[in-house]
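As structure tokens, the structure follows; a few thoughts come after it.
Protein chains: 2
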Amino acid sequence: MFSKACEYALKIMIYLCSVEEEQKLAGLKDVAQAIDSPTAFTAKILQKLVRAQLLESLRGPSGGFKVVTRQISLLEVVNAIDGDRLVTGCVLGLKECSGIHPCPVHDKFMAVRDHLNGVLSTTYLKDLRGGVITGNRFLRM
Amino acid sequence: MFSKACEYALKIMIYLCSVEEEQKLAGLKDVAQAIDSPTAFTAKILQKLVRAQLLESLRGPSGGFKVVTRQISLLEVVNAIDGDRLVTGCVLGLKECSGIHPCPVHDKFMAVRDHLNGVLSTTYLKDLRGGVITGNRFLRM
DNA sequence: ACAAAAAAGGACAAAATTGTCCTTAATTAA
DNA sequence: TTAATTAAGGACAATTTTGTCCTTTTTTGT
Chain A
31 MFSKACEYAL
41 KIMIYLCSVE
51 EEQKLAGLKD
61 VAQAIDSPTA
71 FTAKILQKLV
81 RAQLLESLRG
91 PSGGFKVVTR
101 QISLLEVVNA
111 IDGDRLVTGC
121 VLGLKECSGI
131 HPCPVHDKFM
141 AVRDHLNGVL
151 STTYLKDLRG
161 GVITGNRFLR
171 M
Chain B
31 MFSKACEYAL
41 KIMIYLCSVE
51 EEQKLAGLKD
61 VAQAIDSPTA
71 FTAKILQKLV
81 RAQLLESLRG
91 PSGGFKVVTR
101 QISLLEVVNA
111 IDGDRLVTGC
121 VLGLKECSGI
131 HPCPVHDKFM
141 AVRDHLNGVL
151 STTYLKDLRG
161 GVITGNRFLR
171 M
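What follows is the structure, encoded as structure tokens:
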């Protein structure tokens, strides 16, 4: 469904949102440890999220990453890493797939995609913090 | 959502189902042309579908491929090529993600996946033949 | 029997994705 | 000011996915 990089990105964002107490920054190693991901690869994804303006970063000692202040939906994270192909592209890969030129499963999947899009666009990181903080939801294993 | 190979596989199956008039076989070139896919790569996918017993093949002149007689759901095609990861695996990639050890989006995506699974398991190739035959649904472009 | 046609299958090639390593730039604290 | 710390970023490596090519096997029609 999502690329590995996107899976990491979602976990990164949820994690950073859940530790964001007192504007504290989390460093690369913290993040990679928290979500059980390869450190160097995680750094690349963090960079992308910063460039997409979903994260802010600071260098130097006591530097690190934190989530930007505005609310962020899962869709924004997915779009930043995987683009909008999952939500807007044809499931059979047709370049041109629309009401006037539909693939054979166009209608059948329309509903699924709307459902997916709905969940992604109405679920915000802040909605997911709680479970991680209380230890009822997990980002690794 | 699906791998490229799986997209081709779905188109292959729908196409073969829609030309299956009088038990006629379609050859590799017919198939690749119909779904606008690279011929040699298409051959590999056809092989997989034969081994998965979703297709039957015959060699020699007038040989080719045809869909097995029983009804086939989209889920069977997807499982044959991509496995069941899409429908059964954790969207965040956790090895162990369940009710007692859920990822932060476990519940949110449960519904989407059930929806997806429902569409895949209750849509049969025969349900999709008509549109392709009448030219109202397209397998290429 | 023989030539032609078609799938089967092995080996390889290209591209994309995932992952690593090392250097550079920025910042902080002493 | 200097050393330590941390993100930024370039280059490269490994793996997976996608795609190609060529030979072999099977079957058909003559």
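Sequence lines, in order, name chains A and B. For what it's worth, the numbering used here labels the leading residue of the first sequence as 31, then goes sequentially. For what it's worth, the numbering used here labels the leading residue of the second sequence as 31, then goes sequentially. Ideal placement from N, C-alpha and C gives every residue a C-beta, glycine not left out.
Using a Cβ cut-off of 9 Å, pull out every chain A residue sitting near residue 121 of chain B, in sequence order please.
-> The residue given as residue 121 of chain B occupies position 91 in the second sequence. Here the neighbours are 31, 32, 37, 40.
Just reading off the beta strand (DSSP E) that residue 126 of chain B is part of, what are its end residues?
-> As a working mapping, residue 126 of chain B is identified with position 96 in the second sequence. Where residue 126 of chain B is concerned, there is no enclosing beta strand (DSSP E), given that its DSSP letter is neither H nor E.
Rounded distance between the beta-carbons of residue 47 of chain B and residue 97 of chain B, thought under 8 Å = On the second sequence, position 67 is the one that residue 97 of chain B refers to. On the second sequence, position 17 is the one that residue 47 of chain B refers to. Right, their Cβ atoms sit about 5 Å apart.
Please decide whether residue 161 of chain B counts as near chain A, where near means a Cβ-Cβ distance under 8 Å.
-> By 1-based counting over the second sequence, the position of residue 161 of chain B is 131. Taking Cβ atoms only, chain A reaches closer than 8 Å to residue 161 of chain B, which makes this a yes.
Answer with buried or exposed for residue 134 of chain B, where buried requires no fewer than 16 other C-beta atoms within 10 angstroms of its C-beta.
-> Taking the second sequence and counting its residues from 1, the one referred to as residue 134 of chain B is at position 104. Its Cβ being crowded by 16 or more others within 10 Å, residue 134 of chain B is buried.
Taking all protein chains shown into account, decide if residue 59 of chain B is buried (16 or more other Cβ within 10 angstroms of its Cβ) or exposed.
-> Position 29 of the second sequence, counted from the start, is the residue given in the question as residue 59 of chain B. Exposed, because fewer than 16 other Cβ atoms sit within 10 Å of the Cβ of residue 59 of chain B.
For residue 171 of chain B, which residues in chain A fall below 8 Å Cβ to Cβ?
-> In the second sequence, residue 171 of chain B corresponds to position 141, counting from 1. Going along chain A in sequence order, the residues near residue 171 of chain B (Cβ under 8 Å) are 124, 125, 126, 131.
Would you say residue 55 of chain A and residue 93 of chain A are within 8 Å of each other, going by their C-beta atoms?
-> Here residue 55 of chain A is taken as the residue at index 25 of the first sequence, counted from 1. Here residue 93 of chain A is taken as the residue at index 63 of the first sequence, counted from 1. A contact, by the Cβ cut-off of 8 Å.
Indicate whether residue 85 of chain A and residue 71 of chain A have their beta-carbon atoms separated by less than 8 Å.
-> As a working note, residue 85 of chain A is residue 55 in the first sequence. As a working note, residue 71 of chain A is residue 41 in the first sequence. For residue 85 of chain A and residue 71 of chain A, no; Cβs fall outside 8 Å.
List the residues that DSSP assigns as beta-bridge partners of residue 169 of chain A.
-> Looking up residue 169 of chain A in the first sequence gives position 139. DSSP, once it has assigned bridges, lists no residue as partnering residue 169 of chain A.
Assuming residue 40 of chain B and residue 122 of chain A form a contact by the criterion Cβ under 8 Å, report the distance between their Cβ atoms to the nearest whole angstrom.
-> As a first step, residue 40 of chain B must be located in the second sequence, where it is residue number 10. As a first step, residue 122 of chain A must be located in the first sequence, where it is residue number 92. That belief holds up - the Cβ atoms of residue 40 of chain B and residue 122 of chain A are roughly 6 Å apart, short of 8 Å.
In terms of residues, what are the limits of the alpha helix (DSSP H) holding residue 156 of chain B?
-> Here residue 156 of chain B refers to the residue found at position 126 when the second sequence is read from its first residue. Counting along the chain, the alpha helix (DSSP H) containing residue 156 of chain B begins and ends at 155 to 164.
From which residue to which residue does the alpha helix (DSSP H) around residue 106 of chain A run?
-> Translated into positions along the first sequence, residue 106 of chain A becomes position 76. Segment 104 to 112, the alpha helix (DSSP H) holding residue 106 of chain A.
Shorter than 8 Å from the beta carbon of residue 135 of chain A to some beta carbon of chain B?
-> Indexing the first sequence from 1 puts residue 135 of chain A at position 105. So, interface residue.
Three-pair Cβ contact test at 8 Å for the region 62 to 77 of chain B versus the region 135 to 145 of chain B | no
Flag this pair as yes or no: are the beta carbons of residue 88 of chain A and residue 42 of chain A separated by less than 8 Å?
-> Translated into positions along the first sequence, residue 88 of chain A becomes position 58. Translated into positions along the first sequence, residue 42 of chain A becomes position 12. No, these two residues do not count as a Cβ contact at 8 Å.
Let me know the secondary structure DSSP gives residue 96 of chain B once reduced to three states.
-> Here residue 96 of chain B refers to the residue found at position 66 of the second sequence. It is a strand residue.
Where does the unbroken beta strand (DSSP E) through residue 85 of chain A begin, and where does it stop?
-> Counting from one through the first sequence, the residue named residue 85 of chain A turns up at place 55. Here the beta strand (DSSP E) through residue 85 of chain A covers 85 to 88.
Supposed contact pair residue 164 of chain A and residue 104 of chain A - C-beta distance, whole angstroms, cut 8 Å | For the purposes of this step, residue 104 of chain A is taken as residue 74 along the first sequence, with counting starting at 1. For the purposes of this step, residue 164 of chain A is taken as residue 134 along the first sequence, with counting starting at 1. Not really, about 20 Å apart at Cβ, beyond 8 Å.
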